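J.:
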Amino acid sequence: MRETRLMLINYMCMILIGVTLFLHLATHAFLGVRNYQDSLTYQSVIGRYQAPATALMLTVLLLALCYHSVFSFRTLLLEWRHGKVWDRAVNWGAVVGATVMVVFGMRTIVAAYFGW
Ligand code: HEM
């Protein structure tokens, strides 16, 4: 995958984290809940996983966080060593690693959304 494309994805992730993390914290403070304690009851949490808008918001937060954290670590690894083989291994390792994290996190969201 091209260097510029991965960086572009990383910048988009940063913006998405800003928006969705604000909303996520809002749903534990004042958005649709009375207070923090109220937001942590089972009914409140399952309600957010089952409402399409908040389930989507959590999905985007999960995607953005996973790709952003792994792609930023990728940048460190590329600065540490150099070489074509190393670059390719790090780039593909980052894409695969982040995707595995997303699939793992999505299990919770999908299972709760469909009530499995
Ligand atoms: C840097 C701050 C935070 C980040 C990056 C973050 C990220 C996330 C993500 C990605 C999920 C979805 C996980 C999944 O099931 O796949 C999630 C869910 C959840 N988080 Fe956070 N979170 C943060 C702060 C907090 C805080 C401060 C609380 C307060 C207790 C909290 C409580 C929860 C709860 C209860 C859920 C289950 C879904 C819901 O009720 O909205 N999180 N968080």
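All you need for our numbering is the position in the sequence shown, starting with 1, plus 1. Think of the CB as a built atom: it goes at the ideal place given N, C-alpha and C, for glycine as much as any other residue. All of these numbers come straight from a predicted model, not from anything done at the bench.
Could you check which residue in CYS14, THR5, MET58 has the C-alpha nearest to that of THR28?
T.: Checking every option, the nearest Cα to that of THR28 belongs to MET58.
J.: For ASN36, count neighbouring C-beta atoms within 10 Å of its own C-beta (all shown protein chains included) and say buried if the count is 16 or more, exposed if not.
T.: exposed
J.: Under 7 Å Cβ to Cβ from LEU17, same chain only, skipping five residues before and after it: list those, please.
T.: VAL61, ALA65
J.: Could you check what DSSP says for PHE31 in three-state terms: helix, strand or coil?
T.: coil
J.: Around the Cβ of HIS69, are there at least 16 other Cβ atoms within 10 angstroms (buried) or fewer (exposed)?
T.: Taking every protein chain shown into account, the CB of HIS69 has 16 or more other CB atoms within 10 angstroms, so this residue is buried.
J.: Between the alpha carbons of THR55 and PHE23, how many angstroms are there, rounded?
T.: Distance between the alpha carbons of THR55 and PHE23: 12 Å.
J.: Taking the alpha-carbon positions, what's the LEU26 to VAL20 distance?
T.: 10 Å
J.: Can you tell me the Cβ-Cβ gap for ALA112 and GLN51, rounded? I've got them flagged as a contact below 8 Å.
T.: A Cβ-Cβ separation of about 11 Å leaves ALA112 out of contact with GLN51 under the 8 Å criterion.
J.: Is the beta carbon of VAL91 sitting closer than 8 Å to the one on ARG108?
T.: no
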